[in-house]
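A.B. asks: Below: one structure in structure tokens.
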Amino acid sequence: MSEEILPEETTADSVDPTSQDAVLEESAEVAEDSQAVEEAPAPVAEVDPIEEFRKQMSSLPGEWYVLHTYSGYERRVAADIMARAENFELEDYVFDAVVPMETVIEVKSAGKKKEVSRVRIPGYVFVRMDLDDPETSDRVWRTIKDTPAVTGFVGDRYNPVPLTFDEAVSQLGPTPEEVAAKQAA
Numbered sequence: 010m011s012e013e014i015l016p017e018e019t020t021a022d023s024v025d026p027t028s029q030d031a032v033l034e035e036s037a038e039v040a041e042d043s044q045a046v047e048e049a050p051a052p053v054a055e056v057d058p059i060e061e062f063r064k065q066m067s068s069l070p071g072e073w074y075v076l077h078t079y080s081g082y083e084r085r086v087a088a089d090i091m092a093r094a095e096n097f098e099l100e101d102y103v104f105d106a107v108v109p110m111e112t113v114i115e116v117k118s119a120g121k122k123k124e125v126s127r128v129r130i131p132g133y134v135f136v137r138m139d140l141d142d143p144e145t146s147d148r149v150w151r152t153i154k155d156t157p158a159v160t161g162f163v164g165d166r167y168n169p170v171p172l173t174f175d176e177a178v179s180q181l182g183p184t185p186e187e188v189a190a191k192q193a194a
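In the numbering used here, the protein residues as written are 10 to 194.
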């Protein structure tokens with residue numbers, strides 16, 4: 010006669026108390042994890058790009074001046090200004106030369122659309138520099154003024170006037186169209 014072996018029934022009394030505690034602890038951890046996921050912080054509100062730009066601009070040294078250049082030479086002039094500042098050891102006075110750019114969609118032949126980057130303000134370059142030191146301001150001014158393709162500073166011909174902070178932000182910062190396009194993306 011053969012004997013059948015039947016599996017033992019597991020009851021609350023027959024389970025090892027230490028394994029029962031382990032199962033309870035594990036289920037408590039899973040519950041805590043799921044609760045932590047549910048309580049995840051809400052996404053932080055997006056920062057206004059213009060305000061972010063204002064903060065960055067306020068921490069930069071120097072003041073912004075506007076140069077008039079030959080149209081079509083803006084990028085070359087900006088690169089030449091930075092190279093001349095380095096060559097004439099004026100890096101402590103000339104900090105940056107910027108050509109504001111914008112991205113536009115041009116419709117080419119056959120209705121093809123192409124995204125193109127172009128100069129936002131043709132014929133102008135913005136230069137961030139320090140002309141406060143009387144000993145070097147004439148040298149800095151002359152170096153910038155004598156850069157090829159520069160016709161002069163905007164404003165007073167011999168005594169350049171810096172842009173106000175708000176003017177610099179409005180000219181160099183993101184345009185409302187750029188902000189709207191980034192938020193839509």
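Where a beta carbon is used, it is the ideal one built from N, C-alpha and C, also for glycine.
What first and last residue would you give for the alpha helix (DSSP H) that runs through T173?
C.D. replies: Per DSSP, T173 belongs to no alpha helix (DSSP H) and is neither H nor E.
A.B. asks: In chain order, what residues of the same chain have a beta carbon less than 8 Å from the beta carbon of Y84, not counting five sequence neighbours either side?
C.D. replies: Before going on, a small fix: residue 84 reads as Arg here, not Tyr. Excluding sequence neighbours, R84 sits near V108, V128.
A.B. asks: Does any C-beta atom of chain C lie closer than 8 Å to the C-beta of V163?
C.D. replies: You won't find chain C in this structure, because it holds only one protein chain.
A.B. asks: Any idea what DSSP makes of F62, helix, strand or coil?
C.D. replies: helix
A.B. asks: For a test of your reading of the model: does the CB of M138 fall under 7 Å from any non-hydrogen atom of the ligand NAP? Yes or no.
C.D. replies: What this structure holds is no ligand at all, so the ligand NAP is not there to describe.
A.B. asks: For A92, which option in S146, I153, Y82 has the closest C-alpha, if you only look at C-alpha atoms?
C.D. replies: I153
A.B. asks: Taking buried to mean at least 16 other C-beta atoms within 10 Å of its own C-beta, is R137 buried or exposed?
C.D. replies: buried
A.B. asks: Is the beta carbon of K123 closer than 8 Å to that of E115?
C.D. replies: yes
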